[in-house]
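**Q** This is the structure, below, for whatever I ask next.
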């Protein structure tokens, strides 16, 4: 669980989260599909330029990233 107190920490964490989402090809629509929040709320929560912070959405995005990481490490290789 990521907990950022200051605005700068939040911006840093959102930027890091955005890089990870892009790296694992997780879209905002994927995050929205997993939660009860509207797309605009999800977008604002994950946008580093926005001051809006929603811990539930941040935790959900982090969980989706971890699931993709686990799939990537357990996927069989073609040899």
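In this note's numbering, the protein residues as written are 80 to 158. Note that the Cβ used here is the ideal one computed from N, Cα and C, for glycine as well.
Enumerate in chain order the residues of its own chain whose CB-to-CB distance from residue 120 is below 6 Å, with the five nearest sequence positions on each side excluded.
**A** Here residue 120 corresponds to residue number 41 of the chain shown, with the count starting at 1. For residue 120, where only same-chain residues beyond five positions count, there are no Cβ hits under 6 Å.
**Q** Should residue 136 go down as buried or exposed, given a rule of 16 or more other Cβ atoms within 10 Å for buried?
**A** Residue mapping note: residue 136 aligns to position 57 of the chain shown, counting from 1. Counting Cβ neighbours within 10 Å, residue 136 comes out buried, since at least 16 surround it.
**Q** For residue 123, which of 88, 133 and 147 has the nearest alpha-carbon?
**A** Position 44 of the chain shown holds residue 123. Taking only the C-alpha atoms, the option nearest residue 123 is 133.
**Q** Would you please state the rounded distance, in angstroms, between the beta carbons of residue 96 and residue 140? I believe it to be under 8 Å.
**A** In the chain shown, the residue the question calls residue 96 occupies position 17. In the chain shown, the residue the question calls residue 140 occupies position 61. About 6 Å; that satisfies the 8 Å criterion.
**Q** What's the call for residue 101, buried or exposed, on a 16-neighbour Cβ count within 10 Å?
**A** To locate residue 101, count along the chain shown from 1; it is residue 22. It counts as exposed.
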